[in-house]
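Engineer:
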Amino acid sequence: MKVVLEKLSKYFGKVVAVNDLDLGIESGGFVALLGPSGCGKTTTLLMIAGIYKPTAGYIRFSDRVVNDLLPKDRKIGMVFQSYALYPHMNIFDNIAFPLTLQKTAKGEIKRRVAQVASLMRIEELLERKPGQLSGGQQQRAALARALVKEPDLLLLDEPLSNLDAKLRMAMRAEIKRLQKELGITTIFVTHDQVEAMTMADRIAVLDAGHLQQFSPPSELYDHPRNLFVAGFIGTPPMNLLPVHLEESDGCLMVRSEDWQAKLPAETARRLTPVIKGREVLLGIRPEDVAVGAVEEGTLPAEVYVTEPLGREILVDLRRGKDPIRALVAPPFATPMGQAVGLRLDLSKAHLFDPQTEKSLLVS
Ligand SMILES: Nc1ncnc2c1ncn2[C@@H]1O[C@H](COP(=O)(O)OP(=O)(O)OP(=O)(O)O)[C@@H](O)[C@H]1O
Ligand SMILES: [Mg+2]
838 MKVVLEKLSK YFGKVVAVND LDLGIESGGF VALLGPSGCG KTTTLLMIAG IYKPTAGYIR
898 FSDRVVNDLL PKDRKIGMVF QSYALYPHMN IFDNIAFPLT LQKTAKGEIK RRVAQVASLM
958 RIEELLERKP GQLSGGQQQR AALARALVKE PDLLLLDEPL SNLDAKLRMA MRAEIKRLQK
1018 ELGITTIFVT HDQVEAMTMA DRIAVLDAGH LQQFSPPSEL YDHPRNLFVA GFIGTPPMNL
1078 LPVHLEESDG CLMVRSEDWQ AKLPAETARR LTPVIKGREV LLGIRPEDVA VGAVEEGTLP
1138 AEVYVTEPLG REILVDLRRG KDPIRALVAP PFATPMGQAV GLRLDLSKAH LFDPQTEKSL
1198 LVS
């Protein structure tokens, strides 16, 4: 089922929780709503579910406005952060609950519970009470309960946040696989960028109720539209260096007091016009910074500390007081305090307007 949000807003008194949100989700799509705590993710989800009434704007399911449709008539399956399984009922009855409410025939209930239980691999647990299940098993039972109604739309609000790291990784894969197999349009709320990046087809990044960017994960990473997205996506975050942008011999140069470099022609071509001769912020991801000897053309810095991460080493450097980070392949034996020269892969550079905070590169 296709879902469209049109100029959707929700105010709680003076608090603007969601502001003028436009979002289109294709039938069978898997979209993540990603953003920091309080940015309006849950409020958006609850409006789609029909639990909150929008202050303004429209929600459409398959082109039909559903603003006034009751939650029970929206054909939605929902999993909240707390699994909210009924503790006194066994898992079978928990999963069967939505069907029991609908007064579905007993035989049909048995058949459908068996089907989703097998899908979630919890067939052996149906007689147990929720308290006798692990967190991951409860999680799967809650998903089974959401799926048993055969919903047109699945809404998940931080369903993995109570799980340990290993289980979370396993469930990430399970949910992604399941979503693709069933083809149910799914909206998934998280403040964890790794979860959003690994699972969703498209990610809507929200900040303070405003949509910042709505793109596939790779595009968010490679072409962030503004400083918020650039800083939010990617760990460690993108480095930002204040530089002066100028033209010299038909080439575009970035220059600071102790360093200058030529921007690749391809980058220069993508630059929005009217910005030469200005201060800009040069964004460069840590994996696009190489650390070497001080040589002509390198960016001077000093090793502050190194953090071995196993497969790679995070080199925390300083330029004066300003931090800059590089991710390098081991081994890296340069001692703390050593002066080094950095080479930036400027074909991967980002440029931002420090005033509007928007990217100056059009993709
Ligand atoms: N019932 C309510 N009454 C008043 N303000 C509310 C209510 N629900 C949410 N808010 C406010 O609306 C904003 C968005 O809240 P929301 O719960 O949607 O955030 P969120 O993105 O889900 O955050 P989190 O990641 O912490 O769950 C917050 O500023 C919050 O304080
Ligand atoms: Mg929330």
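The numbering used here applies: residue 838 is where the sequence shown begins, and numbers increase by one. For glycine and all other residues, C-beta sits at the position ideal for the given N, C-alpha and C.
(1) If you measure from each CB to the nearest heavy atom of ligand 1 and keep those under 5 Å, what residues do you get, in chain order?
(2) When you measure from the CB of VAL916 to every non-hydrogen atom of ligand 2, does any distance come out below 7 Å?
(3) Please confirm if TYR1058 has its CB atom under 8 Å from at least one CB of chain D.
(4) Taking ILE946 and ALA933 to be in contact with their CB atoms under 8 Å, please state how far apart those CB atoms are, rounded to whole angstroms.
(5) With a Cβ-Cβ cutoff of 8 Å, do ARG958 and ILE928 count as a contact?
(6) Could you compute how far the alpha carbon of GLY1120 sits from the alpha carbon of THR880?
(7) Less than 8 Å separating the beta-carbons of LEU1181 and ALA1098?
(8) Quick one: what does DSSP say VAL985 is sitting in, helix, strand or coil?
(9) What ranges does the beta strand (DSSP E) occupy inside the segment 1117-1151, keeping only unbroken runs of at least 3 residues that lie completely in it?
(10) So for PHE867, helix, strand or coil by DSSP?
(11) For PRO1145 and LEU1057, I'd like the C-alpha separation in whole angstroms.
(12) Are the Cβ atoms of ARG1061 and SER919 separated by less than 8 Å?
(13) Take ILE1024 and list the residues in its own chain whose beta-carbon comes closer than 6 Å to its own, dropping the five residues that flank it on each side.
(14) In the DSSP assignment, the alpha helix (DSSP H) including PHE917 goes from what residue to what residue?
(15) Measuring alpha carbon to alpha carbon, tell me which residue in VAL841, PHE849, LEU860, CYS876 is nearest GLY1046.
(16) For GLY1174, collect the residues of the same chain with a Cβ closer than 7 Å to its Cβ; drop the 5 residues on either side in sequence, then sort them by chain order.
(17) Under three-state DSSP, which class holds ASN931?
(18) Just checking ASP1159 against ligand 2 - is the residue's beta carbon closer than 7 Å to any of the ligand's heavy atoms?
(19) VAL1165: beta carbon under 7 Å from a heavy atom of ligand 2?
(20) Locate the alpha helix (DSSP H) running through ALA1037, then write down its first and last residues.
(21) Is ARG1039 buried or exposed, if buried means 16 or more other CB atoms sit within 10 Å of its CB?
(22) Mark PHE849 as exposed unless 16 or more other C-beta atoms lie within 10 angstroms of its C-beta, in which case mark it buried.
(23) Output yes or no for whether 8 Å exceeds the beta carbon distance between ALA979 and VAL916.
(24) Between GLU1084 and ILE862, what straight-line distance do the alpha-carbon atoms span, to the nearest angstrom?
(25) Are THR1143 and VAL1131 closer than 8 Å when you measure CB to CB?
(26) Within 7 Å: the Cβ of VAL1042 and any heavy atom of ligand 2?
(27) Residues in its own chain within less than 7 Å of LEU1000 by CB, not counting five upstream and five downstream?
(28) Nearest to MET838 by CA position, among PRO891, ASP900, LYS940, is which residue?
(29) For LYS1003, which of helix, strand or coil comes out of DSSP?
(30) Considering Cα atoms alone, identify which of GLY1129, LEU1108, PHE1169 is closest to VAL1199.
(31) Between LYS1185 and PRO891, what straight-line distance do the alpha-carbon atoms span, to the nearest angstrom?
(32) Taking C-beta to C-beta, are VAL1117 and PRO1191 nearer than 8 Å?
(33) Quick check on DSSP: helix, strand or coil for ARG977?
(34) Can VAL868 be considered in contact with ligand 2, in the sense that its beta carbon sits closer than 7 Å to one or more heavy atoms?
(35) Count the other CB atoms, across all protein chains shown, that sit within 10 Å of the CB of ASP1125; report buried if there are 16 or more and exposed otherwise.
(36) When the Cα atoms are used, what is the spatial distance from ARG897 to VAL853?
Structural biologist: According to the structure shown:
(1) PHE849, VAL852, ALA854, SER874, GLY875, CYS876, GLY877, LYS878, THR879, THR880, HIS1028
(2) Locating residue 916 in the sequence shown gives position 79, where the first residue counts as 1. No; taking the cut-off as 7 Å, the Cβ of VAL916 has no heavy atom of ligand 2 nearer than that.
(3) Checking the listed chains, one finds no chain D in this structure; it contains a single protein chain.
(4) Residue mapping note: residue 946 aligns to position 109 of the sequence shown, counting from 1. Residue mapping note: residue 933 aligns to position 96 of the sequence shown, counting from 1. Confirmed, about 5 Å.
(5) Walking along the sequence shown from the start, residue 958 turns up at place 121. Walking along the sequence shown from the start, residue 928 turns up at place 91. No; because the gap between Cβ atoms is not below 8 Å, this pair is not in contact.
(6) Indexing the sequence shown from 1 puts residue 1120 at position 283. Indexing the sequence shown from 1 puts residue 880 at position 43. Going from the Cα of GLY1120 to the Cα of THR880 covers about 32 Å.
(7) As a first step, residue 1181 must be located in the sequence shown, where it is residue number 344. As a first step, residue 1098 must be located in the sequence shown, where it is residue number 261. Yes, the pair counts as a contact, with Cβ atoms nearer than the cut-off.
(8) Within the sequence shown, residue 985 is the residue found at index 148, counting from 1. Coil, per DSSP.
(9) 1126-1129, 1136-1145
(10) Counting from 1 along the sequence shown, the entry for residue 867 is found at position 30. Three-state result, PHE867: strand.
(11) Working through the sequence shown from its first residue, we reach residue 1145 at position 308. Working through the sequence shown from its first residue, we reach residue 1057 at position 220. Whole-angstrom Cα-Cα distance: 27 Å.
(12) In the sequence shown, the residue the question calls residue 1061 occupies position 224. In the sequence shown, the residue the question calls residue 919 occupies position 82. The sequence as given places Pro at residue 1061; Arg does not occur at that position. It is not a contact, given that the beta carbons lie outside the stated cut-off.
(13) Here the question's residue 1024 lines up with position 187 in the sequence shown. Closer than 6 Å at the Cβ level, and outside the excluded window around ILE1024, lie VAL868, LEU992.
(14) For the purposes of this step, residue 917 is taken as residue 80 along the sequence shown, with counting starting at 1. Counting along the chain, PHE917 falls outside any alpha helix (DSSP H), and DSSP gives it neither H nor E.
(15) Locating residue 1046 in the sequence shown gives position 209, where the first residue counts as 1. Of VAL841, PHE849, LEU860, CYS876, the residue nearest in Cα terms is CYS876.
(16) For the purposes of this step, residue 1174 is taken as the residue at position 337 of the sequence shown. The residues are GLU1139, VAL1140.
(17) Translated into the one-based positions of the sequence shown, residue 931 becomes position 94. Helix.
(18) Residue numbering aside, residue 1159 sits at position 322 when the sequence shown is read from its first letter. Not so, every heavy atom of ligand 2 lies at least 7 Å from the Cβ.
(19) Within the sequence shown, the letter at position 328 stands for residue 1165. Outside the cutoff, so no.
(20) Position 200 of the sequence shown, counting from 1, holds the residue named residue 1037. From DSSP, ALA1037 is part of no alpha helix (DSSP H); its letter is neither H nor E.
(21) Residue numbering aside, residue 1039 sits at position 202 when the sequence shown is read from its first letter. By the neighbour-count rule (16 or more Cβ atoms within 10 Å), ARG1039 is buried.
(22) Residue mapping note: residue 849 aligns to position 12 of the sequence shown, counting from 1. Per the 10 Å Cβ criterion, exposed.
(23) Locating residue 979 in the sequence shown gives position 142, where the first residue counts as 1. Locating residue 916 in the sequence shown gives position 79, where the first residue counts as 1. Contact: yes.
(24) In the sequence shown, the residue the question calls residue 1084 occupies position 247. In the sequence shown, the residue the question calls residue 862 occupies position 25. Their Cα atoms are separated by approximately 43 Å.
(25) Counting from one through the sequence shown, the residue named residue 1143 turns up at place 306. Counting from one through the sequence shown, the residue named residue 1131 turns up at place 294. Taking 8 Å as the Cβ cut-off, THR1143 and VAL1131 do not qualify as a contacting pair.
(26) The residue labelled residue 1042 in the question sits at position 205 within the sequence shown. Not under cutoff, so the answer is no.
(27) Residue mapping note: residue 1000 aligns to position 163 of the sequence shown, counting from 1. Cβ neighbours of LEU1000 beyond the five flanking positions: GLY972, GLY973, GLN976, MET1008.
(28) Residue 838 sits at position 1 when you count from the first residue of the sequence shown. It is ASP900 whose Cα lies nearest to the Cα of MET838.
(29) Position 166 of the sequence shown, counted from the first residue, corresponds to residue 1003. In this structure, LYS1003 counts as helix in the three-state DSSP scheme.
(30) For the purposes of this step, residue 1199 is taken as the residue at position 362 of the sequence shown. The candidate whose alpha carbon is nearest that of VAL1199 is LEU1108.
(31) Translated into positions along the sequence shown, residue 1185 becomes position 348. Translated into positions along the sequence shown, residue 891 becomes position 54. One C-alpha to the other measures close to 41 Å.
(32) Within the sequence shown, residue 1117 is the residue found at index 280, counting from 1. Within the sequence shown, residue 1191 is the residue found at index 354, counting from 1. Contact: yes.
(33) Taking the first residue of the sequence shown as position 1, residue 977 is located at position 140. Here ARG977 sits in helix by DSSP.
(34) On the sequence shown, residue 868 is found 31 positions in, with the first residue counted as 1. No.
(35) The sequence position of residue 1125 within the sequence shown is 288, counting from 1. The residue in question, ASP1125, is buried, as its Cβ has 16 or more Cβ neighbours within 10 Å.
(36) Translated into positions along the sequence shown, residue 897 becomes position 60. Translated into positions along the sequence shown, residue 853 becomes position 16. Distance between the alpha carbons of ARG897 and VAL853: 22 Å.
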